[in-house]
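Protein chains in written order, with the working numbering: chain A, 823 to 1015; chain B, 823 to 1015. Comments concern the structure below.
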DNA sequence: CACGGTAGCGGAGGCACCCTCCGCTTGCAA
DNA sequence: TTGCAAGCGGAGGGTGCCTCCGCTACCGTG
């Protein structure tokens, strides 16, 4: 464990370290990221990379130099959003144990419910995403642990179970009302019996 | 409602009606289906269609004549499996209300858990798949209704909710143990409080 | 059985995308 | 100002998608 004063090391750092150093190159890098975010939002993460390069106004070669694989680009686009997701757990620090748990998960669902790409991105098998997941588990773990310690949440599940289950339910194709209902049912399953 | 003696009309019929009539054409049709099943199992539903045609030993044109869109091929491959899925609900007809519900859903999860493609296929937006879903809801509806009537299942959900939720949880990337645990939690959320 | 019409065949071809490679350009340190 | 390496970008080879249409061979009819 690091002393809390030290700047927290995040998965973002891993990405930032890869940014190019020259001014023109940096401009291109940012343009690519913006174009990719736009394209992924419009057509999912399998949008055409040539199209991304075109939108960004750079050559395809430049895209591939900055992001050798499609996954690298996806990660760069979504890492910051996923980190924000982890931060959601902090918002409920002062709630009572069970409401804290439900509010955390509800916020979580609100956040990812509309963008299925985020769930996919989160499940991606890569170093960076693994770091993201860890961050998320570390943030949510205490919320669950508190509810379990107070006996309001069943204790045969861990935080990974909870996040996976909720993400699974949140990812179903359904209108927002139905999704909310499904998530509520699933969360209800977490109550201590 | 049809009298029960009449042969039940199934989504399969819609597919069967599209089979070619000439002997050589029928052979090709079956070969394509077999090749596609194999290819989809190996590389998912985005396997190369040219490869499917090659494996089947027919020209690419033949594939496209029988299955004008990729989805048509996917449907033809999976419709029968999804119908089997609906039949699972019949197995539990004689169980007590709550065990019937849990057993139905457990069997359901066993069936689709390993093949994510099936879940995807099921959510596909098409006439045939809609018929499949309807069949499934009609099979599972009574199981849920019985549990609700006896007051052991919460009554603010319908069968569509239940199937969607369970399918969502069953689709998460996880080892079988974890998946089983997650599904149990979610199903537990269905208990009347 | 012979034969004609037509259902069905299959692959060439046009298009889009993937990714690599390498000769040219340009930012920046000295 | 200048030299050079970091960076550029697009041509090109490969693969897959899907359409189109001249040819093949099944099968109903006489």
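Don't be surprised by glycine CBs; every beta carbon is placed ideally from N, CA and C.
CB contact check: residue i to chain A, cutoff 8 Å
i: residue 953 of chain B; result: no
i: residue 798 of chain B; result: Outside the shown range of chain B, which is 823 to 1015, sits residue 798 of chain B, and nothing can be said about it.
i: residue 875 of chain B; result: no
i: residue 1011 of chain B; result: yes
i: residue 970 of chain B; result: no
i: residue 943 of chain B; result: no
i: residue 893 of chain B; result: no
i: residue 991 of chain B; result: yes
i: residue 827 of chain B; result: Annotation note: pLDDT 42 at residue 827 of chain B (below 50); position unreliable, no value reported.
Per DSSP, cross-strand counterpart(s) of residue i
i: residue 1013 of chain A; result: A/975
is_contact[residue i, chain B] using C-beta, thresh 8 Å
i: residue 1007 of chain A; result: yes
i: residue 916 of chain A; result: no
i: residue 986 of chain A; result: yes
i: residue 999 of chain A; result: no
i: residue 1014 of chain A; result: no
i: residue 994 of chain A; result: yes
i: residue 928 of chain A; result: no
i: residue 939 of chain A; result: no
i: residue 983 of chain A; result: yes
i: residue 979 of chain A; result: yes
i: residue 823 of chain A; result: Confidence is the limiting factor: at residue 823 of chain A the pLDDT is only 43, short of 50, which leaves the residue's position unreliable, though a coordinate-based value still follows. Judged by the 8 Å Cβ criterion, residue 823 of chain A is not in contact with chain B.
First and last residue of the uninterrupted alpha helix (DSSP H) at residue i
i: residue 862 of chain A; result: 845-865
i: residue 878 of chain B; result: 871-878
i: residue 883 of chain B; result: 882-888
Spatial distance of residue i from residue j (CA atoms)
i: residue 954 of chain B; j: residue 893 of chain B; result: 15 Å
i: residue 875 of chain A; j: residue 900 of chain A; result: 18 Å
i: residue 966 of chain B; j: residue 1008 of chain A; result: 16 Å
i: residue 835 of chain A; j: residue 950 of chain A; result: 10 Å
i: residue 845 of chain A; j: residue 992 of chain B; result: 48 Å
i: residue 840 of chain A; j: residue 977 of chain A; result: 41 Å
i: residue 862 of chain B; j: residue 968 of chain A; result: 45 Å
i: residue 944 of chain A; j: residue 843 of chain B; result: 48 Å
i: residue 1000 of chain B; j: residue 1011 of chain A; result: 15 Å
i: residue 936 of chain A; j: residue 852 of chain B; result: 40 Å
i: residue 865 of chain B; j: residue 947 of chain B; result: 22 Å
i: residue 882 of chain B; j: residue 891 of chain B; result: 12 Å
i: residue 933 of chain A; j: residue 1004 of chain B; result: 21 Å
i: residue 917 of chain A; j: residue 926 of chain A; result: 10 Å
i: residue 910 of chain A; j: residue 929 of chain A; result: 7 Å
i: residue 889 of chain A; j: residue 895 of chain A; result: 6 Å
i: residue 964 of chain B; j: residue 980 of chain B; result: 11 Å
i: residue 825 of chain B; j: residue 905 of chain B; result: Confidence at residue 825 of chain B is low in this model, with a pLDDT of 43, below 50, so the placement of that residue is unreliable and no value is reported for it.
Residue ranges of each alpha helix (DSSP H) run of no fewer than 4 residues wholly in the region 903-982 of chain B, ordered along the chain? 919-935, 938-945, 949-971
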